[in-house]
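Residue numbering for the sequence shown follows the numbering used here, starting at 36 and increasing by one per position. Glycine included, every Cβ here is placed at the ideal spot set by N, Cα and C. What follows is a single structure, written as C-alpha cells, with notes after it.
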Amino acid sequence: MKKQSPVGRIWELGANEHGKLITAVILAVIGVACGMAPYFAAAKIIVLLFGGEYTFSAYIPWLITALAGFILRTLLYNGALGISHTATFNILKTIRQKLLLKLPRLPLGTVIDTKSGKLKEIIVDQVDGMETTLAHLFPEMTANITAPLLTVIYLFILDWRLALLSLAVFPIAFIFMMTVMGNYAKDYEGAVKATTEMSGTVIEYINGIEVIKAFNQGKTSYTKLTDKVRANAQYYYDWMRRSQLGMSLAYAFFPAQMHTVLPFGWIFYTHGSLTAETFITVVILALGMAAPIVAAFNFVDTLAQVGTTVAQVDEILKAEEQSHAEKSVTFNGYGIELKNVSFGYNSDAEILHNVSLFIPQNSMTALVGPSGSGKSTIAKLIAGFWDVKNGVITMGGSDLKDIPLNELYDQVAFVTQDNYLFDDTVRENIRMGKKGATDAEVEAAAHNAGCDSFISGLENGYDTVVGGGGAHLSGGERQRI
Numbered sequence: 036m037k038k039q040s041p042v043g044r045i046w047e048l049g050a051n052e053h054g055k056l057i058t059a060v061i062l063a064v065i066g067v068a069c070g071m072a073p074y075f076a077a078a079k080i081i082v083l084l085f086g087g088e089y090t091f092s093a094y095i096p097w098l099i100t101a102l103a104g105f106i107l108r109t110l111l112y113n114g115a116l117g118i119s120h121t122a123t124f125n126i127l128k129t130i131r132q133k134l135l136l137k138l139p140r141l142p143l144g145t146v147i148d149t150k151s152g153k154l155k156e157i158i159v160d161q162v163d164g165m166e167t168t169l170a171h172l173f174p175e176m177t178a179n180i181t182a183p184l185l186t187v188i189y190l191f192i193l194d195w196r197l198a199l200l201s202l203a204v205f206p207i208a209f210i211f212m213m214t215v216m217g218n219y220a221k222d223y224e225g226a227v228k229a230t231t232e233m234s235g236t237v238i239e240y241i242n243g244i245e246v247i248k249a250f251n252q253g254k255t256s257y258t259k260l261t262d263k264v265r266a267n268a269q270y271y272y273d274w275m276r277r278s279q280l281g282m283s284l285a286y287a288f289f290p291a292q293m294h295t296v297l298p299f300g301w302i303f304y305t306h307g308s309l310t311a312e313t314f315i316t317v318v319i320l321a322l323g324m325a326a327p328i329v330a331a332f333n334f335v336d337t338l339a340q341v342g343t344t345v346a347q348v349d350e351i352l353k354a355e356e357q358s359h360a361e362k363s364v365t366f367n368g369y370g371i372e373l374k375n376v377s378f379g380y381n382s383d384a385e386i387l388h389n390v391s392l393f394i395p396q397n398s399m400t401a402l403v404g405p406s407g408s409g410k411s412t413i414a415k416l417i418a419g420f421w422d423v424k425n426g427v428i429t430m431g432g433s434d435l436k437d438i439p440l441n442e443l444y445d446q447v448a449f450v451t452q453d454n455y456l457f458d459d460t461v462r463e464n465i466r467m468g469k470k471g472a473t474d475a476e477v478e479a480a481a482h483n484a485g486c487d488s489f490i491s492g493l494e495n496g497y498d499t500v501v502g503g504g505g506a507h508l509s510g511g512e513r514q515r516i
C-alpha cells in the first residue's frame with residue numbers, strides 16, 4: 036500500500052473542514068494577486084518620474100492602484116487566516132476526540148504500560164504543535180508559491196533574459212537548503228524522541244518522589260533525570276550546529292537576485308535591447324520574489340514536524356483493538372478457566388506456555404511462584420488487560436472475547452499496586468465504578484471494602500476532596516477506595 040503523505044492524512048482526518056480550507060486557499064491566492072499591484076504601481080511611478088512627469092494627477096491612478104491592492108490583500112489574507120484557523124481548531128479537536136475514543140478500545144495493558152508522559156506529549160503537546168502549521172499551511176503556502184510563480188511568468192513576458200537571471204541564484208540557495216532539509220524528518224523524529232523520554236522521566240521522578248525519599252535513592256534518580264535533560268539539550272545543540280552553515284548560506288542566496296539582474300540589466304539597457312520601463316519593472320518585481328519563496332520553504336521543516344506527529348497519532352489510531360463481542364451474554368456461573376493458554380507481551384518472548392487452570396466460583400485462589408513466572412500476567416489476562424491469541428480463557432462458560440468489555444469489567448474487580456484517584460470527592464471517586472449509583476450504594480460499597488471507618492474520620496467524610504491522584508490520602512487508603 037502506498038504510504039499516505041502527512042498532508043493527505045490530515046486532509047482525510049479533517050474531512051468536515053474541506054469547504055473552509057478550500058475557501059481559505061482561494062481567498063489567499065486572490066489576495067496574493069492583489070498584493071502584486073503595489074509593485075506594478077511602484078514601477079509605473081518610477082518610470083513616470085524618470086520620464087520627467089511632474090503632474091500629481093498623473094500619479095493618482097497608480098497610487099490608488101497600490102493602496103487598493105494593499106487593502107484588498109490585507110483583508111483577503113486576514114479573512115483566509117481566520118477561516119483556516121477555525122478549520123484547524125476543528126481538525127485538532129477531531130484528532131483529539133479520535134485519540135481519546137481509541138484509548139478505551141485498546142488492550143488495557145498496552146495503555147498502562149505506555150508512559151503517561153508519552154501519551155500526554157502526543158495528545159496535548161504534539162497535536163497542539165500542529166496548530167500553527169495547519170492554520171497557515173493551506174492558505175499561506177499556496178499563496179507563497181503562487182505569488183513568485185505569477186511574478187516569474189510576468190517577468191518572462193517582459194524579458195526572458197532578465198527572468199532567467201532573476202532565477203539564477205535560487206538553485207544555489209536550494210542546494211544549501213537541502214543539505215539541511217534532506218535529513219530534517221529524521222532529525223525532528225529524534226528530537227521528539229529525546230523530548231518524550233525527558234518528559235516521561237520528569238513525570239516518573241515527580242510521581243515517585245515519595246518512594247525515592249523513603250529508600251534514599253534521591254541521588255540515583257536525580258542523576259537519571261539530569262542525564263535525560265542534558266541528553267535532550269545536547270541533541271538540539273548538535274542539530275542546530277549541523278544546520279547552521281547550510282541555513283545561513285541558503286538565506287544569503289535567496290534574496291541575491293540583484294547581483295545578477297542589475298549588472299546584466301544595465302548592460303542590456305545601455306546596448307539598447309532593454310527599455311528603462313521594463314528594466315525598472317523587472318528590478319522591483321524581482322525584489323519581491325525572495326520573501327514568499329523563503330516563507331514557503333519555511334513550511335518544509337514544519338511539514339516534517341507534522342509528519343512525525345501524524346505518524347505518532349496513527350500509531351495509536353491504527354493500533355490493534357481488543358476483539359470483544361458487543362452482544363450481551365448470560366453467565367453459567369462464575370468459574371474461571373484457562374485452556375492451553377500461551378502468551379507473550381511481544382512476539383520474541385513467550386511468558387506463558389500452554390497453561391491450563393480452573394478457578395471455581397465462590398473460592399479463593401492464590402498464585403504463588405518466583406518473580407517473572409507469569410503470576411501477574413495470568414491475573415491481567417483474566418481481567419481482560421490483553422486478549423490471548425493462543426488458547427482460551429472462559430468466565431461462566433463464555434470465552435472472554437465473547438463478553439462485551441463493559442460486562443467483563445462489571446464482573447472483575449482488581450486492585451493494582453499503582454492506582455489513581457481523581458481530584459474530586461471520595462464519594463465521586465467511588466461512584467466512578469458505577470455511574471448513577473445512589474449515595475446509599477456508594478456508602479454500602481465503601482463499608483464492604485472496609486473503607487467506611489477511615490472515610491468517616493475525614494474532615495468532610497464522603498465529601499472530602501482527595502486531591503490530584505489522591506494526594507491527601509495514604510497509599511493504603513487510595514487502594515481501598
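Distance between beta carbons of residue j and residue i, contact taken as under 8 angstroms
{"i": "residue 394", "j": "residue 428", "result": "About 11 angstroms; that fails the 8 angstroms criterion."}
{"i": "residue 345", "j": "residue 45", "result": "7 angstroms"}
{"i": "residue 203", "j": "residue 295", "result": "5 angstroms"}
{"i": "residue 229", "j": "residue 270", "result": "4 angstroms"}
{"i": "residue 60", "j": "residue 173", "result": "5 angstroms"}
{"i": "residue 465", "j": "residue 134", "result": "Actually they are not in contact, since the Cβ atoms of residue 465 and residue 134 sit about 28 angstroms apart, beyond 8 angstroms."}
{"i": "residue 417", "j": "residue 359", "result": "Going by Cβ atoms, the distance from residue 417 to residue 359 rounds to 14 angstroms, so no, they are not a contact pair."}
{"i": "residue 377", "j": "residue 388", "result": "6 angstroms"}
{"i": "residue 67", "j": "residue 182", "result": "4 angstroms"}
Start-to-end residues for the beta strand (DSSP E) that takes in residue i
{"i": "residue 372", "result": "371-378"}
Which residues DSSP lists as bridging residue i, in chain order
{"i": "residue 434", "result": "429"}
{"i": "residue 381", "result": "384"}
{"i": "residue 460", "result": "500"}
{"i": "residue 394", "result": "371"}
Residue interval of the alpha helix (DSSP H) (run including residue i)
{"i": "residue 210", "result": "204-216"}
{"i": "residue 516", "result": "Element bounds for residue 516: n/a, residue is neither H nor E."}
{"i": "residue 177", "result": "177-193"}
{"i": "residue 165", "result": "162-171"}
{"i": "residue 158", "result": "Premise fails: residue 158 is in no alpha helix (DSSP H) and is neither H nor E."}
{"i": "residue 444", "result": "440-446"}
{"i": "residue 67", "result": "53-70"}
{"i": "residue 341", "result": "325-352"}
{"i": "residue 415", "result": "410-417"}
{"i": "residue 92", "result": "No alpha helix (DSSP H) holds residue 92; DSSP gives it neither H nor E."}
{"i": "residue 47", "result": "41-48"}
Simplified DSSP state of residue i, which is helix, strand or coil
{"i": "residue 309", "result": "coil"}
{"i": "residue 267", "result": "helix"}
{"i": "residue 454", "result": "coil"}
Extract the residue ranges of the alpha helix (DSSP H) inside the region 467-495, only unbroken runs of 4 or more that lie entirely within it. 474-483, 487-491
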